[in-house]
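Undergrad: Below: one structure in structure tokens.
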């Protein structure tokens, strides 16, 4: 926008055409360690090979992930509560089994 008192000249004098090289770690330190490597790995998301973390999964594991991914928040919370209860019951069973195998305590009299 031109102004009668030479505002265009003032605005153009504020422009900088300097090229900033982001390769310098001293001038541009990485704010979050590991982000640059992660971003570089995501540049080509379409590959024929599965990601590294999927290499050790079996079909049963993948099906379980798909099932859990399709649950609503409420259903997922219910599933987690069920797993917590199952783990608690297993702990109780192990405690009873281990305590029944122990010899009776000898109390000095």
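Numbering (this note's numbering), first residue to last: 2 to 110.
For every residue, glycine included, the Cβ atom is placed at its ideal position computed from N, Cα and C.
All values derive from a computational prediction rather than experimental measurement.
(1) Taking only the alpha-carbon atoms, compute the straight-line gap between residue 34 and residue 101 and give it to the nearest angstrom.
(2) Tell me whether residue 2 sits in a helix, a strand or coil according to DSSP, three-state version.
(3) State yes or no: is the C-beta of residue 80 within less than 8 Å of the C-beta of residue 72?
(4) Is residue 77 near residue 66, with beta carbons less than 8 Å apart?
(5) Could you give the uninterrupted runs of the beta strand (DSSP E) lying entirely in the stretch 32-89, keeping only those of 3 residues or more?
(6) How big is the Cα-Cα spacing for residue 16 and residue 9?
TA: Based on what the coordinates show:
(1) It is roughly 52 Å from the alpha-carbon of residue 34 to the alpha-carbon of residue 101.
(2) Residue confidence for residue 2 is low, a pLDDT of 49 falling below 50, so the modelled location carries little weight; the figure read from the coordinates is stated next. Residue 2 sits in coil when the DSSP states are folded into three classes, being neither helix nor strand.
(3) When the beta-carbon positions are compared, residue 80 and residue 72 come within less than 8 Å of each other.
(4) Contact flag unset, no.
(5) If we require 3 residues or more, the stretch 32-89 turns out to have no beta strand (DSSP E) run fully inside it.
(6) Between the C-alpha atoms of residue 16 and residue 9 there is a straight-line separation of about 11 Å.
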